[in-house]
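Here the structure comes first, spelled out in structure tokens, and everything after it is commentary.
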Amino acid sequence: MMKIKIMLAASILCAMTTTCAGAADMTDNMGNMAGFPPISSINIPKDDNIVSAVWNGIVQEDAKSFFQKVKLPKNTDFTPLGKDGKFGLLTVMEEGNSVPAFVMNCEFAPVVGKEAMKDAFDAPHLSGKSVSELYGCNVALLGMENVLNGMFLEMAKRINEKPETDPKIPFNMLGVSFLNVEQIHRAQDRPRIYTSGVRAVFFIDGFAVPVYGKGYVMKYGDKYRLFSVLTTDSANEMVKKAADRIAAASVK
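In our numbering, the protein residues as written are 19 to 270.
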């Protein structure tokens, strides 16, 4: 089940960022790979905008994990997965209960979209371009359910086209239904922290998996930090509370 959650986390992150940037060819990339591709294999936008800056920040080689540098809340524990620590498990404990959340985190200096990021995080008032882009991201976020379902259908199609696929997988093997979308907004103004989230139910071969995902982007010195969490929907309040505290600690 954890492997499935990791795959779903990668899918949500990839779809959200590329759709907001207008890179609709991600679906084709995923279909050609007949599965979840390495993040670096996806066509990455190079435009001078916020999403391009963030997306390139995730995949660029010098992006580093920052969770080990942050003073996490006492009721949380982070276990890195892999050597670089960009992915890991966050355990949140409260009143004798503990819940796990999959985490992606990185710190980066933007290689594209530098001016857009500076405007979003440093300018006293957002420019019309930044306001328009954030509005477009929120519109895309509202349509993410259809994008993901389209991706799943395309993946099933491409997998079934392979001669070695026997028996064929059903086209309704994977699906998603969004319950609630938390649009991109500022969680904190000084220093600025942007966040968004989603509650959704994934349907995997007839099983319903309710999930909760939330992401944050912030400036730290001359670099930027971002992290996202993915957990079961029943734990959304515990994880959100912990993630909000981690975000606040990440800018100190």
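Glycine included, every Cβ here is placed at the ideal spot set by N, Cα and C.
Since the structure is predicted, the reported quantities are computational estimates derived from the model, not experimental observations.
Local Cβ density within 10 Å of residue i, reported as buried at 16 or more and exposed below that
| i | result |
| --- | --- |
| GLY49 | Residue placement at GLY49 is poorly supported in this model, since its pLDDT is 37, which falls under 50; the coordinates are not used for a value here. |
| GLU182 | exposed |
| VAL149 | exposed |
| THR97 | exposed |
| LYS180 | exposed |
| LYS104 | buried |
| GLY18 | This structure does not reach residue 18, given that the chain is present from 19 up to 270, and the question cannot be answered. |
| SER70 | buried |
| VAL72 | buried |
| ASN190 | exposed |
| ALA141 | exposed |
| TYR212 | buried |
| GLU151 | buried |
| SER195 | exposed |
Check whether residue i and residue j have beta carbons under 9 Å apart
| i | j | result |
| --- | --- | --- |
| PHE139 | TYR242 | yes |
| SER83 | GLY114 | no |
| MET236 | ARG263 | no |
| GLY233 | SER214 | yes |
| ALA218 | GLU163 | yes |
| ASN74 | PHE126 | yes |
| ALA205 | LEU108 | no |
| ALA267 | LEU90 | yes |
| VAL165 | VAL257 | no |
| GLU79 | ASN93 | no |
| CYS124 | ILE68 | no |
| ASN167 | GLY146 | no |
| MET135 | ILE76 | no |
| VAL269 | ASP251 | no |
| ALA174 | PRO188 | yes |
Residue range of the unbroken beta strand (DSSP E) whose run includes residue i
| i | result |
| --- | --- |
| SER70 | It is not in any beta strand (DSSP E) - SER70 instead sits in the alpha helix (DSSP H) that spans 68 to 77. |
| SER246 | 241 to 250 |
| SER116 | 115 to 126 |
| LYS237 | 225 to 238 |
| GLY106 | 105 to 112 |
| LEU90 | From DSSP, LEU90 is part of no beta strand (DSSP E); its letter is neither H nor E. |
Endpoints, alpha helix (DSSP H) assigned at residue i
| i | result |
| --- | --- |
| SER268 | 254 to 268 |
CB contact below 9 Å: residue i versus chain D
| i | result |
| --- | --- |
| MET122 | Protein chain content of the structure displayed is limited to a single chain, and chain D is not contained in it. |
Exercise. Using 8 Å as the Cβ pair cut-off and three pairs as the minimum, do the region 147 to 167 and the region 194 to 209 touch?
Worked result: The answer is yes - the region 194 to 209 touches the region 147 to 167, with three or more Cβ pairs under 8 Å.
For this session: Mind the definition here: the region 127 to 138 touches the region 245 to 255 only if three or more C-beta pairs lie below 8 Å; say whether that holds.
Result: By the criterion of at least three beta-carbon pairs nearer than 8 Å, the region 127 to 138 is not in contact with the region 245 to 255.
For this session: Please list the segments of the beta strand (DSSP E) lying wholly inside the region 133 to 167, counting only runs of 3 or more residues, in order along the chain.
Result: As far as the region 133 to 167 is concerned, it has no whole beta strand (DSSP E) run of at least 3 residues.
Exercise. Unbroken beta strand (DSSP E) runs of length 3 or more, entirely within the region 181 to 217: which are they?
Worked result: If we require 3 residues or more, the beta strand (DSSP E) runs fully inside the region 181 to 217 come out as 192 to 206.
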